[in-house]
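First comes the structure, then the notes that go with it.
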Amino acid sequence: MVSAGGGFKKIILPAVTLAFAMASKYTRQVRTAVLEELHQDYVIGARARGASEKEILWKQVFPNSLLPLITMLGLSLGSLLGGTAVVEVIFGYQGLGNLAVSAILNYDYNLVQGYVLWVALIYMVVNLLVDISYYLVDPRIRAGS
22 MVSAGGGFKK IILPAVTLAF AMASKYTRQV RTAVLEELHQ DYVIGARARG ASEKEILWKQ
82 VFPNSLLPLI TMLGLSLGSL LGGTAVVEVI FGYQGLGNLA VSAILNYDYN LVQGYVLWVA
142 LIYMVVNLLV DISYYLVDPR IRAGS
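FYI, in our numbering the residues of the sequence shown are 22 to 166.
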(Lines of atoms letter the chains of each structure in order from A and count residues from 1; the text may use other names and numbers.)
(Lines give C-alpha, C1' and ligand atoms only; values in the text may rest on other atoms or scores of the structure.)
Protein backbone atom coordinates (compact mmCIF):
# COMPACT_ATOMS: atom_id res chain seq x y z
CA MET A 1 0.00 0.00 0.00
CA VAL A 2 1.05 3.58 -0.61
CA SER A 3 2.00 5.64 2.40
CA ALA A 4 0.42 8.99 3.16
CA GLY A 5 3.69 10.82 2.51
CA GLY A 6 5.12 11.65 -0.86
CA GLY A 7 3.21 14.83 -1.54
CA PHE A 8 2.48 16.19 -4.95
CA LYS A 9 4.37 13.58 -6.99
CA LYS A 10 2.00 10.79 -5.96
CA ILE A 11 -1.07 12.76 -7.02
CA ILE A 12 -0.01 13.56 -10.59
CA LEU A 13 -0.72 10.21 -12.28
CA PRO A 14 -4.10 9.56 -10.59
CA ALA A 15 -5.21 13.12 -11.35
CA VAL A 16 -4.16 12.78 -14.99
CA THR A 17 -5.99 9.45 -15.15
CA LEU A 18 -9.24 11.03 -13.93
CA ALA A 19 -8.86 14.20 -16.00
CA PHE A 20 -7.92 12.53 -19.27
CA ALA A 21 -11.21 10.68 -19.59
CA MET A 22 -13.26 13.86 -19.26
CA ALA A 23 -11.01 16.27 -21.15
CA SER A 24 -12.36 15.38 -24.57
CA LYS A 25 -15.99 15.78 -23.44
CA TYR A 26 -15.28 19.21 -21.98
CA THR A 27 -13.29 20.35 -24.99
CA ARG A 28 -16.04 19.32 -27.36
CA GLN A 29 -18.75 20.92 -25.20
CA VAL A 30 -16.88 24.22 -24.83
CA ARG A 31 -16.25 24.38 -28.55
CA THR A 32 -19.89 23.64 -29.40
CA ALA A 33 -21.26 26.14 -26.88
CA VAL A 34 -18.94 28.94 -28.00
CA LEU A 35 -19.58 28.31 -31.71
CA GLU A 36 -23.34 28.35 -31.13
CA GLU A 37 -23.10 31.67 -29.30
CA LEU A 38 -20.82 33.21 -31.94
CA HIS A 39 -23.59 32.80 -34.53
CA GLN A 40 -26.24 34.58 -32.44
CA ASP A 41 -27.71 37.91 -33.49
CA TYR A 42 -26.32 39.83 -30.51
CA VAL A 43 -22.75 38.95 -31.57
CA ILE A 44 -23.41 40.17 -35.10
CA GLY A 45 -24.85 43.37 -33.61
CA ALA A 46 -21.84 43.85 -31.34
CA ARG A 47 -19.50 43.43 -34.29
CA ALA A 48 -21.55 45.98 -36.25
CA ARG A 49 -21.19 48.44 -33.35
CA GLY A 50 -17.41 48.02 -33.55
CA ALA A 51 -16.78 45.99 -30.42
CA SER A 52 -13.48 44.14 -30.37
CA GLU A 53 -13.43 40.36 -30.72
CA LYS A 54 -11.87 40.05 -27.27
CA GLU A 55 -14.67 42.10 -25.71
CA ILE A 56 -17.34 40.11 -27.57
CA LEU A 57 -15.81 36.81 -26.53
CA TRP A 58 -15.25 37.55 -22.83
CA LYS A 59 -18.12 39.89 -22.02
CA GLN A 60 -20.91 38.39 -24.12
CA VAL A 61 -20.15 34.94 -25.53
CA PHE A 62 -18.40 33.43 -22.50
CA PRO A 63 -21.13 34.24 -19.91
CA ASN A 64 -23.85 32.96 -22.25
CA SER A 65 -22.01 29.71 -22.99
CA LEU A 66 -21.32 29.11 -19.31
CA LEU A 67 -24.67 27.49 -18.42
CA PRO A 68 -24.20 24.28 -20.42
CA LEU A 69 -20.69 23.95 -19.03
CA ILE A 70 -21.87 24.35 -15.45
CA THR A 71 -24.49 21.69 -16.10
CA MET A 72 -21.90 19.34 -17.51
CA LEU A 73 -19.55 19.90 -14.56
CA GLY A 74 -22.32 19.08 -12.10
CA LEU A 75 -23.44 15.97 -13.95
CA SER A 76 -19.92 14.66 -14.43
CA LEU A 77 -19.43 14.47 -10.69
CA GLY A 78 -21.07 11.05 -10.65
CA SER A 79 -18.57 9.58 -13.06
CA LEU A 80 -15.76 11.33 -11.20
CA LEU A 81 -16.84 9.78 -7.89
CA GLY A 82 -17.01 6.35 -9.52
CA GLY A 83 -13.67 6.94 -11.21
CA THR A 84 -11.95 7.75 -7.94
CA ALA A 85 -12.91 4.34 -6.58
CA VAL A 86 -11.23 2.65 -9.53
CA VAL A 87 -8.18 4.93 -9.33
CA GLU A 88 -7.81 4.27 -5.60
CA VAL A 89 -7.84 0.53 -6.17
CA ILE A 90 -5.40 0.67 -9.10
CA PHE A 91 -2.91 3.00 -7.38
CA GLY A 92 -3.35 1.45 -3.93
CA TYR A 93 -4.61 4.54 -2.13
CA GLN A 94 -6.64 4.21 1.03
CA GLY A 95 -9.92 6.08 0.67
CA LEU A 96 -13.67 5.75 0.51
CA GLY A 97 -13.58 4.33 -3.00
CA ASN A 98 -11.16 1.60 -2.03
CA LEU A 99 -13.23 0.90 1.07
CA ALA A 100 -16.39 0.60 -1.05
CA VAL A 101 -14.74 -1.82 -3.48
CA SER A 102 -13.48 -4.00 -0.64
CA ALA A 103 -16.96 -3.88 0.95
CA ILE A 104 -18.47 -5.10 -2.33
CA LEU A 105 -15.94 -7.93 -2.56
CA ASN A 106 -16.61 -8.92 1.08
CA TYR A 107 -20.41 -8.72 0.76
CA ASP A 108 -20.63 -6.00 3.42
CA TYR A 109 -24.01 -4.67 2.35
CA ASN A 110 -24.36 -2.18 5.20
CA LEU A 111 -21.13 -0.45 4.23
CA VAL A 112 -22.09 -0.49 0.55
CA GLN A 113 -25.45 1.09 1.37
CA GLY A 114 -23.75 3.74 3.50
CA TYR A 115 -21.31 4.52 0.70
CA VAL A 116 -24.11 4.80 -1.86
CA LEU A 117 -26.06 7.06 0.50
CA TRP A 118 -22.99 9.25 1.04
CA VAL A 119 -22.29 9.54 -2.71
CA ALA A 120 -25.97 10.31 -3.39
CA LEU A 121 -25.90 13.05 -0.75
CA ILE A 122 -22.77 14.58 -2.27
CA TYR A 123 -24.34 14.39 -5.72
CA MET A 124 -27.51 16.15 -4.50
CA VAL A 125 -25.52 18.93 -2.81
CA VAL A 126 -23.48 19.48 -5.97
CA ASN A 127 -26.65 19.67 -8.07
CA LEU A 128 -28.05 22.22 -5.59
CA LEU A 129 -24.86 24.25 -5.98
CA VAL A 130 -25.23 24.02 -9.77
CA ASP A 131 -28.77 25.40 -9.50
CA ILE A 132 -27.59 28.21 -7.23
CA SER A 133 -24.80 29.03 -9.68
CA TYR A 134 -27.43 29.36 -12.44
CA TYR A 135 -29.03 32.11 -10.38
CA LEU A 136 -25.68 33.85 -9.98
CA VAL A 137 -24.56 33.49 -13.61
CA ASP A 138 -27.74 34.01 -15.63
CA PRO A 139 -29.49 37.39 -15.27
CA ARG A 140 -32.63 35.97 -16.91
CA ILE A 141 -33.12 33.65 -13.94
CA ARG A 142 -32.57 36.51 -11.47
CA ALA A 143 -35.21 38.54 -13.29
CA GLY A 144 -37.67 35.67 -13.03
CA SER A 145 -38.43 35.37 -16.72
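Ideal Cβ placement from N, Cα and C applies to all residues, glycine included.
*When the Cα atoms are used, what is the spatial distance from L98 to Y144?*
The residue given as residue 98 occupies position 77 in the sequence shown. The residue given as residue 144 occupies position 123 in the sequence shown. Using only the alpha carbons, I get a separation of about 7 Å.
*Measure the beta-carbon distance from A44 to G104 and round it to whole angstroms, keeping in mind my assumption that it falls under 8 Å.*
Sequence index remark: in the sequence shown, residue 44 carries index 23 (1-based). Sequence index remark: in the sequence shown, residue 104 carries index 83 (1-based). That pair is no contact at about 13 Å.
*Range covered by the alpha helix (DSSP H) that runs through K30*: Along the sequence shown, one-based indexing puts residue 30 at 9. Its alpha helix (DSSP H) spans residues K30 to L59.
_C-alpha gap between A121 and Y136, whole angstroms_ = The residue given as residue 121 occupies position 100 in the sequence shown. The residue given as residue 136 occupies position 115 in the sequence shown. Each residue's Cα considered, the two are about 7 Å apart.
*Hey, could you find the ends of the alpha helix (DSSP H) L149 is sitting in?*
In the sequence shown, the residue the question calls residue 149 occupies position 128. Residues Y130 to V158.
*As assigned by DSSP and simplified to three states, the class of R163*: Position 142 of the sequence shown, counted from the start, is the residue given in the question as residue 163. In this structure, R163 counts as helix in the three-state DSSP scheme.
_At least three beta-carbon pairs within less than 8 Å, the region 147-159 to the region 77-97_ = yes
*Taking only runs of the alpha helix (DSSP H) that begin and end inside the region 87-128, which ones reach a length of at least 4 residues, in chain order?*
87-96, 98-112 and 117-126
*Does the region 46-64 come within contact of the region 79-89, defined as at least 3 CB pairs closer than 8 Å?*
yes
_the region 33-42 contacting the region 101-118, beta-carbon criterion three pairs below 8 Å_ = yes
*Where do the N-terminal and C-terminal ends of the alpha helix (DSSP H) with V64 fall, by residue?*
Here residue 64 refers to the residue found at position 43 of the sequence shown. That run of the alpha helix (DSSP H) goes D62 to A69.
*Following the continuous alpha helix (DSSP H) through K75, name the residue where it begins and the one where it ends.*
Taking the sequence shown and counting its residues from 1, one reaches residue 75 at position 54. Run containing K75: E74 to I77, per the alpha helix (DSSP H) assignment.
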